[in-house]
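Let me begin by presenting the structure, written as structure tokens, before commenting on it.
There are 4 protein chains.
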Amino acid sequence: MDTVSRTATGAPQPRTPRPRADALRNRERIVTAAREMFVEFGPDVPLDEVARRAGVGNATLYRNFPDRAALVHEVVLAVTSRTTDRAEEAVAAEADPFAALSRFVHAAADERIGALCPMLSGGFDKDHPELLAERRRLEEAVEGLVSRAMSAGRLRTDIAVGDVLVALSQLTRPLPGIGCLDIDRFTHRHLQLFLDGLQAPARSELPGTAATLEDLRRRP
Amino acid sequence: MDTVSRTATGAPQPRTPRPRADALRNRERIVTAAREMFVEFGPDVPLDEVARRAGVGNATLYRNFPDRAALVHEVVLAVTSRTTDRAEEAVAAEADPFAALSRFVHAAADERIGALCPMLSGGFDKDHPELLAERRRLEEAVEGLVSRAMSAGRLRTDIAVGDVLVALSQLTRPLPGIGCLDIDRFTHRHLQLFLDGLQAPARSELPGTAATLEDLRRRP
Amino acid sequence: MDTVSRTATGAPQPRTPRPRADALRNRERIVTAAREMFVEFGPDVPLDEVARRAGVGNATLYRNFPDRAALVHEVVLAVTSRTTDRAEEAVAAEADPFAALSRFVHAAADERIGALCPMLSGGFDKDHPELLAERRRLEEAVEGLVSRAMSAGRLRTDIAVGDVLVALSQLTRPLPGIGCLDIDRFTHRHLQLFLDGLQAPARSELPGTAATLEDLRRRP
Amino acid sequence: MDTVSRTATGAPQPRTPRPRADALRNRERIVTAAREMFVEFGPDVPLDEVARRAGVGNATLYRNFPDRAALVHEVVLAVTSRTTDRAEEAVAAEADPFAALSRFVHAAADERIGALCPMLSGGFDKDHPELLAERRRLEEAVEGLVSRAMSAGRLRTDIAVGDVLVALSQLTRPLPGIGCLDIDRFTHRHLQLFLDGLQAPARSELPGTAATLEDLRRRP
DNA sequence: TATGAATGAGTTTTCATTCAT
DNA sequence: AATGAATGAAAACTCATTCAT
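Chains as they are written, first to last, in numbering that gives the first Met the number 0: chain A, 0 to 219; chain Z, 0 to 219; chain W, 0 to 219; chain Y, 0 to 219.
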């Protein structure tokens, strides 16, 4: 079989994955599997299961991610990055500023941004520089959406990026064993209700402080 | 309170009703400890730790609750019951129908209704008769709040009890290690935004179906 | 069988070990098994094997000793203590001061004092107060043996307690897989040669410093 | 050096003897790294670490030494060979026979002969012909030192080569994490005491048997 | 009944060894 | 021939649950 695969040339990608390129491929497959399984089974899913789903041996997972925290880190990074992409797409796709925000919110749900929630829980190094940078990118992108909507008078002015991101994450947070909270039947619905609450003019006095994600976890 | 009265018989007892009372006290202490720790550390907190916090031996916990599911069951029951109480109080306390709903929502957050979320996850027997009955009570109470607000023209008419309860649970869901998502600084704020979205007139077309909690685990 | 054992009264100890007293018994059995197996197989012997040899489940071992270090700690304590006993016995048993030292040295070998060596290696907390105290006791006892022999003019005066203890430990250090370096055929022989070197008058100039065990591990 | 000459053939080679020379260089670097790390971290040091220290890939190590035993084998061979060299040098360098023995003993310590100890432990094929031959060379060389000292009346006559080699190995045996038992401050000192015990006239009756290294693993 | 202790099964993690370039 | 990556088997350690007083 070695000879066979060695002669497989122009094929887009033979089914037998090859080392050099495959190291990267494996790494990505692990992250993908982890992202899916964190959503599906919660953040405590056995890493051996993740490895199995990724189609690699457990030790390969550990070679790439020395411990669970490292894997979680990478997944958070990936989800954050993809969500940022959605934010930028939303700007481009919608002329109306509130429509853009709205589009982003629903797209972020589809990216399972809610899966970030349990990962931000205790003992997670949310201040790692790499994460910090990626989160900044996300917050800036969303800040753009928010401020534009505010400028257009479409958004109440007493809210902040953190309000959007945290509530969005919570509302779309997966219930392990149920998929992503039956995302089609409930989640988008609740997001819509939440978006309605965001619109100007403000109806009520908001309690609490308009904080960034940054503040989360910094107890007063 | 309900559990207490169920076992408190009319049998004549010496004025020091120690033995049985202690057993009940233990049971309640365990449920209380479990509720707190589920919120604080997530639903996978070691049961030995729960027993320690309750101040009893682990075997005492297991005598009262044969396995984790039984304990979760009891906690869900307790939280549901207490939340129902809040709903009923809200009716009594507020003349304005929307204010009542609003009061209930914030009170439910303080009861940590969000801690129910992980319990709605896979592998939890949400259809147990006892739970079903208790959930009916809650849904009826909230249904009262909702329909009164609708009748008064204060609530958009395309929402259902399930919308309120599920979104409420998600928005207040605890992040283990952070307590209840810094409930004072964020959660009440997001709840308020959500409530604003609930008000009439409806601003947007809602996707999904207006379902009860019942529907939640029934995949389409 | 419960009834049977419950009626076993005056028996010194029924073969079915009972909890309360057995907790202690188990603990001791684990330490004993560990001591033997460290000698026989080295300090990296799987703890599960130690548990098996002790006749308990692995978790029982971990309940008593949270990690390998804790178990090693206890074994070192036990061996040190038993060796101190041998030193005190030697004083009592031999009128001649050098004979007493000699007797101690050979007795310490039989206590497998050499098994302490690998345990003093890297990453072992040799300065734990409990260990420190026990080691002091040993050093004081041996100091007594040494100084008496010196006073009697039977021991060269340029040696110290540490010389005796370290060399003794090294010479009796077990070779895992061979028992205790075939202790009867070689070790006592080498100890005797070493003892001969200790006698007065000194024949040679000693290099190095006469240090206590304390100094070991404190690199200059 | 021996290994080098064994593979260095007389075949005509281009003036840049790169390929084969590199292979040999690698092999030697691995053995050197292994010797150092066995001393420093014990015989269970991960082979990947050895490869890293040697500056080669792990697979290169495995190409040269199919398993740990093969590497240990080679290290033992190297240390034995170098120690034999020291014995022969000692003969040449010292006119006095006991001085020669003494010089050898301290030189062997510097060669880390103590690192051989764990290799004498269970599961090591000490009877491999190559090792046997190399050990014979060492024993013959030391036998020369010993018998000459005996003939000169400088050495008690009830000792054997094995006594010297085994005790020497034990006394200089490294404590992983501490290097070679702080060789300058302790080991040479203890060796000197041991040497003093070897001198004629014998002071005590020796227990055990005067055996060769050969006997070491043959249980009675 | 209440309890501390015991236990086995499950998870994380490491490492010798093999694979494929 | 040299290498980085892959792998399974083994070891450390945890925890739900049971046992025996």
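Glycine residues also receive a C-beta, built at the ideal position from the N, C-alpha and C atoms.
If you're wondering where the values come from, they're calculated on a predicted model, not measured in any experiment.
- In terms of Cβ geometry, residue 197 of chain Z and residue 192 of chain A form a close pair [threshold 8 angstroms].
- Neighbourhood of residue 193 of chain Z in chain A, by CB distance below 7 angstroms: 192, 193 and 196, in chain order.
- At a cut-off of 4 residues, the continuous stretches assigned as alpha helix (DSSP H) that sit fully inside the stretch 65-107 of chain Y are 67-92.
- By the rule that beta-carbons nearer than 8 angstroms mark a contact, residue 162 of chain W touches chain Y.
- Under the Cβ criterion of 8 angstroms, residue 206 of chain W is counted among the residues facing chain Y.
- Fewer than three pairs of CB atoms, one per stretch, sit closer than 8 angstroms, so the stretch 102-109 of chain A makes no contact with the stretch 154-163 of chain Z.
- When rounded, the separation of the alpha-carbon atoms in residue 89 of chain W and residue 108 of chain Y is 33 angstroms.
- Within the stretch 128-151 of chain A, no residue has a Cβ lying closer than 9 angstroms to any Cβ of chain Z.
- Per DSSP, the unbroken alpha helix (DSSP H) holding residue 46 of chain W starts and ends at 46-53.
- For residue 167 of chain W, no pairing in a beta bridge is given by DSSP.
- Cβ-Cβ distances below 6 angstroms link residue 31 of chain A to nothing in the same chain once the five nearest sequence neighbours on each side are left out.
- The Cβ atoms of residue 140 of chain A and residue 86 of chain A sit closer than 8 angstroms to each other.
- According to DSSP, residue 198 of chain Z shares a beta bridge with Z/154.
- Annotated three-state conformation of residue 112 of chain W is helix, per DSSP.
- Of all residues in the stretch 43-65 of chain Z, only 43 come within less than 8 angstroms of chain A when Cβ atoms are compared, listed by chain position.
- When C-beta distances to chain W are compared with 8 angstroms, every residue of the stretch 73-93 of chain Y stays at or above that value.
- Less than 8 angstroms divides the Cβ of residue 71 of chain W from the Cβ of residue 42 of chain W.
- Spanning the alpha carbons of residue 124 of chain Y and residue 67 of chain Y requires a straight line of approximately 12 angstroms.
- Under the three-state reduction of DSSP output, residue 41 of chain Z falls in the coil class, being neither helix nor strand.
- Under a criterion of Cβ atoms nearer than 7 angstroms, the residues of chain W adjacent to residue 170 of chain Y are, in order, 166, 169 and 170.
- At a cut-off of 8 angstroms, the C-beta of residue 174 of chain W has a neighbouring C-beta in chain Y.
- Excluding five sequence positions before and after residue 133 of chain Y, the CB atoms of its chain that fall closer than 7 angstroms to its own CB belong to 76, 79 and 80, given in chain order.
- Boundaries for residue 174 of chain W: no alpha helix (DSSP H) harbours it, and the DSSP string shows neither H nor E there.
- Neighbours of residue 102 of chain A in chain Z, taken as residues at a C-beta separation under 7 angstroms, are lacking, since the least C-beta distance is about 13 angstroms.
- In this structure, residue 74 of chain Y sits near residue 37 of chain Y, with a CB-CB distance shorter than 8 angstroms.
- Between residue 143 of chain A and residue 98 of chain A, the alpha-carbon positions lie close to 13 angstroms from each other.
- Nearest to residue 114 of chain Z by alpha-carbon distance, out of A/169, A/61, A/154 and A/83, is A/169.
- In chain order, 96, 97, 100 and 154 place their CB closer than 6 angstroms to the CB of residue 148 of chain A, counting only its own chain and leaving out the 5 sequence neighbours on each side.
- The beta carbon of residue 111 of chain W is closer than 8 angstroms to those of 34, 38, 78, 171, 173 and 179 in its chain, skipping five residues each way along the sequence.
- Below the 7 angstroms Cβ cutoff, chain A contributes 195 and 198 as neighbours of residue 202 of chain Z, in chain order.
- Non-local beta-carbon contacts of residue 151 of chain Z in its own chain, meaning distances under 6 angstroms to residues more than five positions away in sequence, involve 96 in chain order.
- If you draw a straight line from the Cα of residue 145 of chain W to the Cα of residue 127 of chain Y, it is about 44 angstroms long.
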